[in-house]
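Asker: Note that the working numbering gives residue 1022 to position 44 of the sequence shown, counting from 1, and the numbers run on in steps of one.
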Amino acid sequence: MADQETPSERIDAKLADLGDWRGSALAHLRMLIHRADPDVVESVKWAKPSNPLGVPTWEHAGILCTGEVYKNYVKLTFAHGAALDDPEGLFNAGFGGGTRRAIDLREGDQVNEKAFDALIKAAIAFNIARQAGRGR
979 MADQETPSER
989 IDAKLADLGD
999 WRGSALAHLR
1009 MLIHRADPDV
1019 VESVKWAKPS
1029 NPLGVPTWEH
1039 AGILCTGEVY
1049 KNYVKLTFAH
1059 GAALDDPEGL
1069 FNAGFGGGTR
1079 RAIDLREGDQ
1089 VNEKAFDALI
1099 KAAIAFNIAR
1109 QAGRGR
């Protein structure tokens, strides 16, 4: 029963359901997120009839990023990406808004793992600082 599954089990199901390069790409990004942040919390948000498995979300002191799957690409959206340093230029989408930034990966694309690790850690630091600022 889906309601009794943990968020991680629901993400596992989503990745298995894809059964193609998109599932493999998102699974690889997920592994990199966990490697960068062993304390990351997985959740699934915004489930709806057109997307019953919802959107995988990774959190640490707030949302770090979400993983969405489209026909021709996988999108990892960083909730506060506009506030993060991205010296290696991983962000390649979402520049129209003032808050979020995204990494779109198409079949065969590889992510710079060292830069991705730094980006995840920067997102954590941003969330922790933001949370601390609210406590004043």
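Every residue, glycine too, gets a C-beta built ideally from N, C-alpha and C.
What does T984 pair with, by DSSP beta-bridge criteria?
Answerer: DSSP, once it has assigned bridges, lists no residue as partnering T984.
Asker: Specify the secondary structure class of K992 as computed by DSSP and reduced to three states.
Answerer: The answer is helix: DSSP assigns K992 an H, G or I state.
Asker: Do the region 1089-1108 and the region 1051-1060 make contact, defined as three or more Cβ pairs closer than 8 Å?
Answerer: Touching, per the Cβ criterion.
Asker: Would you kindly check if the distance between the Cβ of A1101 and the Cβ of L1068 is under 9 Å?
Answerer: Contact: no.
Asker: When the Cβ atoms of the region 1074-1081 are set against those of the region 1037-1054, are three or more pairs found closer than 8 Å?
Answerer: In short, these stretches touch, since the Cβ pair count reaches three.
Asker: Alpha carbon to alpha carbon, how far is A1103 from D1064?
Answerer: Straight-line Cα distance between these residues: approximately 14 Å.
Asker: What do you get for R988, buried or exposed, if any count of 16 or more other CB atoms within 10 angstroms of its CB means buried?
Answerer: The residue in question, R988, is buried, as its Cβ has 16 or more Cβ neighbours within 10 Å.
Asker: Comparing alpha-carbon positions, which option in H1012, E983, I1098 and S1028 lies nearest L1042?
Answerer: That would be I1098, whose Cα lies nearest to the Cα of L1042.
Asker: Looking only at C-alpha atoms, which of S1021, A1025, Q982 and A1003 sits nearest to E1091?
Answerer: Of the candidates S1021, A1025, Q982 and A1003, the one whose C-alpha sits nearest the C-alpha of E1091 is A1003.
Asker: On the criterion of 16 or more Cβ atoms from any shown chain inside 10 Å, does M979 qualify as buried, or is it exposed?
Answerer: With a pLDDT of 45 at M979, under the threshold of 50, the modelled position of that residue is not reliable, and no figure is offered here.
Asker: Just checking my contact of H1038 with V1019 at CB under 8 Å: how many whole Å lie between their CB atoms?
Answerer: 7 Å between Cβ atoms; contact.
Asker: Hey, how far is the Cα of R1008 from the Cα of R1112?
Answerer: Going from the Cα of R1008 to the Cα of R1112 covers about 29 Å.
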